[in-house]
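Visitor: To start, I am sharing the structure in question, which I have written as structure tokens.
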Amino acid sequence: MKKVKYIVAATLTCMMMVNCGGGEKKKEKESFSYENKSSKEEVKEASNEANIVLVGDDLMKFDKTEIKAKAGQKVKLTLRHKGKLDVNVMGHNVVILAKGVDLAAFAGKAASARETNYIPAGSESEIIAHTGVIGGGQTTSIEFVAPEAGTYDFICSFPGHYAMMKGKFVVE
1 MKKVKYIVAA
11 TLTCMMMVNC
21 GGGEKKKEKE
31 SFSYENKSSK
41 EEVKEASNEA
51 NIVLVGDDLM
61 KFDKTEIKAK
71 AGQKVKLTLR
81 HKGKLDVNVM
91 GHNVVILAKG
101 VDLAAFAGKA
111 ASARETNYIP
121 AGSESEIIAH
131 TGVIGGGQTT
141 SIEFVAPEAG
151 TYDFICSFPG
161 HYAMMKGKFV
171 VE
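Spelled out as structure tokens, the structure:
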């Protein structure tokens with residue numbers, strides 16, 4: 001019986017020493033981030049092209065709430081979905097709306113437009129540009145010419161997402 005007590009005590013002591021050992025730092029899990037840490041600029045200009053990258057996630061958030069370009073400038077908009085959920089569960093897109101378009105009304109129409117990737121038929125005059133719908137781990141991009149100077153809304157038109165996934169497209 002005494003031997004069992006000594007073995008249990010020795011085992012517990014060893015476990016405490018291993019768990020409470022100080023000097024070693026825990027190795028952090030390596031991860032990949034879409035953020036550009038070398039520059040805080042949202043738009044990078046190469047000749048007359050604005051390269052804009054928006055990142056969405058499984059928490060229904062874009063990484064930016066404001067993007068910028070110059071009037072008449074060629075814009076390459078890239079959408080990356082850093083989440084893991086499927087397109088049917090947590091699909092994202094970017095829709096840049098024309099001035100004066102009611103966000104809630106447009107989103108209401110878009111929610112029932114599954115067959116057209118949540119872009120309502122006949123809404124061409126309300127949209128400046130839009131990406132396709134993508135799921136976790138996917139990327140898509142579009143190119144278009146920035147409209148006249150002003151501030152335009154952008155949203156994700158997947159059902160229910162526009163309330164949290166929205167921002168301003170500022171054209172200077």
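Residue numbers for the sequence shown follow full-length UniProt numbering, so the first one is 1 and each next one is one higher. Think of the CB as a built atom: it goes at the ideal place given N, C-alpha and C, for glycine as much as any other residue.
#1: Quick check on this structure: which residue in A105, G160, I128 has the alpha carbon closest to the alpha carbon of G72?
#2: Would I155 be called buried (16 or more neighbouring beta carbons within 10 Å of its own) or exposed?
#3: Near H130, what residues of its chain come up, given a Cβ to Cβ distance below 8 Å and the 5 sequence neighbours on each side ignored?
#4: For K166, which residues in the same chain have their Cβ closer than 6 Å to its Cβ, ignoring the five residues on either side in sequence?
#5: So for L54, helix, strand or coil by DSSP?
#6: For H92, list the residues DSSP reports as bridge partners.
#7: Smallest Cα separation from A110: which of T151, K61, H161, D86?
#8: What are the boundary residues of the beta strand (DSSP E) that G150 is part of?
Guide: On the basis of the coordinates in this document:
#1: Of A105, G160, I128, the residue nearest in Cα terms is I128.
#2: I155 should be labelled buried.
#3: These residues qualify, in order along the chain: N93, V94, V95, I96, I119, I142, S157.
#4: The residues are I155.
#5: Strand, per DSSP.
#6: DSSP, once it has assigned bridges, lists I134 as partnering H92.
#7: Residue H161 holds the alpha-carbon nearest to the alpha-carbon of A110 among T151, K61, H161, D86.
#8: G150 -> beta strand (DSSP E) spans 150 to 155.
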